[in-house]
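Numbering (the working numbering), first residue to last: 4 to 394. Built from N, CA and C at the ideal position, the CB exists for glycine as well. Heads up, the thing below is written out as structure tokens.
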């Protein structure tokens, strides 16, 4: 057996496993556990989308596509992005990826050199930091927890150095559900242009906005197309997590680099998933709206419950997550999540896995059936009281 100490990649050895998936794995074999942990819609994929996939499978459309993805899908995405005031050429400015997660990895690898700095607005989705670190980049965390969980232009400007290559945004945000106000996005756009850096904008939750809030993309501001990498996909809004369809919209000169990596590591996304996603953009919007309305109702239920528990929690304006502050219980976020699972069979994600500003919080996903949410909230309330009584 090989006994060399360097038989594995040192950077990979330093990379921790996903904190979210850790709690997901704990659920296996526990049918009595209510999970508020994994960000997955409880709705089935809309029928019009499934039917389109069946049609193409029956027709034997099971081949590779172009590395870029089906032109039909890219054209539908280009039309969709006009809704948010952006013009992209489907030929060379839109690339279909295997989920938005591949888009994060490919984009970071295409722009980062060892020693480059990337500003990561935290708390944030768990894959941003490790994927950037695998590029040997320096992570510059921006803690948004003291500012309503969204970054300001001034905070970003204060962190810029000559080595800053990019800033990573997510709005609506995972794990907090907050959105960056349009007025602040406009200021951030000016900072990006002034410093000639990239902004990577994860907009996977853009169709899940509440109380009349409207998504605004930083790429829609004047002059920003040349600096913006937009990541999006179909997993959340269209309930298509397992179909693994995402996309990158970016300047052609950058996508020409990204598509090389995409061609080597995945070739292309599944063809029937691409046909299905195109049909979703054509015909699935009424179903998307039904899901959005249901999520808003569940958000209202969960927010009131946490407030009734005496926990401080921002009311999400988008996505389907809530990020209550559980520091009053005297437990760390991991202690709270572990204790809740062991004693009350409810799974949540500790806020510490989401980076700076996450400790002292838990992430609860409300893309779960309402009856299960009610039971879970009652159990969380009991656990909070137990913790406070023992503090």
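Residue 359 and residue 116 have their alpha carbons spaced roughly 24 Å apart.
With a threshold of 16 other beta carbon atoms within 10 Å, residue 292 falls short and is exposed.
Where residue 143 is concerned, the enclosing beta strand (DSSP E) starts and stops at 141-146. Straight-line spacing of the CA atoms in residue 389 and residue 381 works out to 12 Å. Between the alpha carbons of residue 83 and residue 218 lies a distance of about 13 Å. In the assembly as shown, residue 65 is an exposed residue. Its beta-carbon has fewer than 16 other beta-carbons within 10 Å. A residue is called buried when at least 16 other Cβ atoms come within 10 angstroms of its Cβ; residue 50 does not meet this threshold and is exposed. Residue 310 has its alpha-carbon roughly 11 Å from the corresponding atom of residue 303. Selection 361, 10, 260 evaluated against residue 232 yields 260 as nearest (Cα-Cα). For residue 382, the enclosing alpha helix (DSSP H) stretches over residues 373-393. Judged by their CB atoms, residue 321 and residue 145 are not nearer to each other than the 7 Å cut-off. Here residue 272 has 72, 99, 100, 101, 247, 248 as same chain residues with Cβ atoms under 7 Å from its own Cβ, once five neighbours each way along the sequence are excluded.
Secondary structure at residue 260: helix, using DSSP grouped into helix, strand and coil.
Only residues of its own chain outside the window of five on either side were considered, and among them 74, 77, 78, 80, 81 have a CB closer than 8 Å to the CB of residue 93, listed in chain order. Contact between the region 326-343 and the region 353-370 is present, with at least three C-beta pairs closer than 8 Å. For the pair residue 157 and residue 294, the Cα-to-Cα distance works out to about 36 Å.
For residue 366, the enclosing beta strand (DSSP E) stretches over residues 365-368. Runs of the alpha helix (DSSP H) lying entirely within the region 133-183, each at least 4 residues long, are 156-162 in chain order. When beta bridges are read from the DSSP output, residue 124 appears opposite 145. The Cβ atoms of residue 126 and residue 357 sit closer than 7 Å to each other. Within the same chain, Cβ atoms closer than 6 Å to the Cβ of residue 244 are found at 43, 238, the five residues on either side in sequence being excluded. Relative to the Cα of residue 148, the nearest Cα in the group 385, 383, 364, 254 belongs to 364.
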